[in-house]
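Here the structure comes first, spelled out in structure tokens, and everything after it is commentary.
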Amino acid sequence: FVGGTGLYIHAFFYGLAELPKIDPTIKMQLHNELQQKGLSTLYEELSHYDLQWAQRIHPNDTQRILRGLEVFRATGIPLSQFLQSGHKKSNLNILMIALDIPRDELYKRIEYRVDEMMRQGFVEEVKNLRSMGYTEELNSQKAIGYWQLHRVLKNELSLDEAIEQIKQETKHYAKRQVTWFKRYKPVWVAPDNIEKIKGIITEWLCGSRF
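Take the sequence shown: its position 178, counting from 1, is numbered 335 in the numbering used here, and each next residue is one higher.
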């Protein structure tokens with residue numbers, strides 16, 4: 158799974174928590190602080206008050222960092238606590254299968270994927286985006302990889318440094334994804350064990366619960 162898929166799955170099976178309305182002055186204050194102090198300072202603040210939410214999101218995810226701080230400043234309650242309280246037990250018989258890949262193999266795949274993206278013209282893609290006005294200020298350009306390459310094109314980072322950062326941040330993101338899905342207690346299966354996966358699905362269709 159990538160991106161917001163984990164949240165989509167949770168919402169589909171368990172619904173979403175009802176979040177409080179935020180006073181516009183709080184939003185305005187946070188946007189001012191973002192301009193004055195920078196995103197890293199706000200992320201540190203979020204980590205102090207809501208470490209669980211901070212660990213689930215990327216340090217460059219402006220929208221979710223601001224959302225976490227908005228909720229905490231408005232209510233004094235961490236956003237992660239609201240999300241947990243909104244968890245509803247599903248009446249569905251859900252089978253979730255997760256691909257179990259050894260950590261070292263997963264990291265090798267990540268490194269290969271990043272190198273392949275570079276070979277296929279990732280830098281040129283970001284350069285073209287910049288020429289069309291899509292800068293690092295946009296949320297879409299703060300994703301892993303895009304953010305680093307924008308800095309390369311602004312001479313703030315060398316290409317080698319950017320590649321290493323992309324690999325490391327992708328590994329951290331993958332680790333957070335594994336942690337996220339563990340909460341659902343899926344059936345972990347090696348991705349190449351097709352027969353076992355078929356067997357699990359067959360048993361589940363016949364009424365077994367996992």
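All C-beta atoms, glycine included, are put in the ideal place defined by N, C-alpha and C.
Report the CB separation of V346 from I357 in whole angstroms; it is logged as a contact under 8 Å. The sequence position of residue 346 within the sequence shown is 189, counting from 1. The sequence position of residue 357 within the sequence shown is 200, counting from 1. About 7 Å separates the beta carbon of V346 from that of I357, a gap short enough to meet the 8 Å contact definition.
Any heavy atom of the ligand MN within a distance shorter than 7 Å of the CB on I251? The model depicted lacks the ligand MN and carries no ligand whatsoever.
Taking only the alpha-carbon atoms, compute the straight-line gap between E227 and P181 and give it to the nearest angstrom. In the sequence shown, residue 227 corresponds to position 70, counting from 1. In the sequence shown, residue 181 corresponds to position 24, counting from 1. P181 has its alpha-carbon roughly 10 Å from the corresponding atom of E227.
Note down the Cα distance separating R213 from I351, rounded to an integer number of angstroms. Counted from its first residue, the sequence shown places residue 213 at position 56. Counted from its first residue, the sequence shown places residue 351 at position 194. Whole-angstrom Cα-Cα distance: 31 Å.
Where the beta strand (DSSP E) through L256 begins and ends: As a position in the sequence shown, residue 256 is number 99, starting the count at 1. Boundaries of the beta strand (DSSP E) around L256: I254 to L256.
With DSSP run on the structure shown, which of helix, strand or coil describes V159? In the sequence shown, residue 159 corresponds to position 2, counting from 1. Bear in mind that a pLDDT of 44 at V159, under 50, signals an unreliable position, so the model cannot answer this.
So, for K332: in the same chain, excluding its five sequence neighbours on each side, which residues have a beta-carbon less than 6 Å away from its beta-carbon? By one-based count along the sequence shown, residue 332 stands at place 175. Only residues of its own chain outside the window of five on either side were considered, and among them none has a CB closer than 6 Å to the CB of K332.
Tell me whether P235 is buried or exposed, calling it buried when 16 or more other Cβ atoms sit within 10 Å of its Cβ. Looking up residue 235 in the sequence shown gives position 78. P235 is buried by the Cβ-count criterion.
For a quick check, are the C-beta atoms of I254 and V335 less than 8 Å apart? As a working mapping, residue 254 is identified with position 97 in the sequence shown. As a working mapping, residue 335 is identified with position 178 in the sequence shown. No. Outside cutoff.
Across the segment 306–323 and the segment 277–294, are there enough close Cβ pairs to call them in contact, namely three or more that are closer than 8 Å? Contact between the segment 306–323 and the segment 277–294 is present: three or more C-beta pairs spanning the two stretches fall below 8 Å.
In chain order, what residues of the same chain lie with their CB nearer than 7 Å to the CB of F229, ignoring the 5 residues before and after it? Residue 229 sits at position 72 when you count from the first residue of the sequence shown. Only Y206, D207, P235 and L236 meet the Cβ criterion.
For the alpha helix (DSSP H) containing H329, name the first residue and the last one. Translated into positions along the sequence shown, residue 329 becomes position 172. Going by DSSP, H329 is part of the alpha helix (DSSP H) stretching over L316 to K339.
Relative to the C-alpha of I323, which candidate in Y341, T292 and F279 has its C-alpha closest? Residue mapping note: residue 323 aligns to position 166 of the sequence shown, counting from 1. Looking at Y341, T292 and F279, the one whose alpha-carbon comes closest to that of I323 is F279.
Nearest CA to the CA of Q220: which residue from L362, R340, Q298 and E360? Numbered from its first residue, the sequence shown carries residue 220 at position 63. Answer by Cα proximity: Q298.
Measure the alpha-carbon distance for V159 versus E190 and round it to whole angstroms. The residue you call residue 159 lines up with position 2 of the sequence shown. The residue you call residue 190 lines up with position 33 of the sequence shown. Low local confidence applies: a pLDDT of 44 at V159 is under 50, so the model's placement there is unreliable, with the coordinate-based value given in what follows. Their backbone Cα atoms lie some 30 Å apart in a straight line.
Could you compute how far the alpha carbon of L223 sits from the alpha carbon of I301? As a first step, residue 223 is located in the sequence shown; it is residue number 66 there, counting from the start. As a first step, residue 301 is located in the sequence shown; it is residue number 144 there, counting from the start. Each residue's Cα considered, the two are about 18 Å apart.
Inter-stretch contact (C-beta, 8 Å, three-pair minimum) for the segment 263–275 and the segment 312–329: Counting C-beta pairs closer than 8 Å gives three or more between the segment 263–275 and the segment 312–329, which meets the contact rule.
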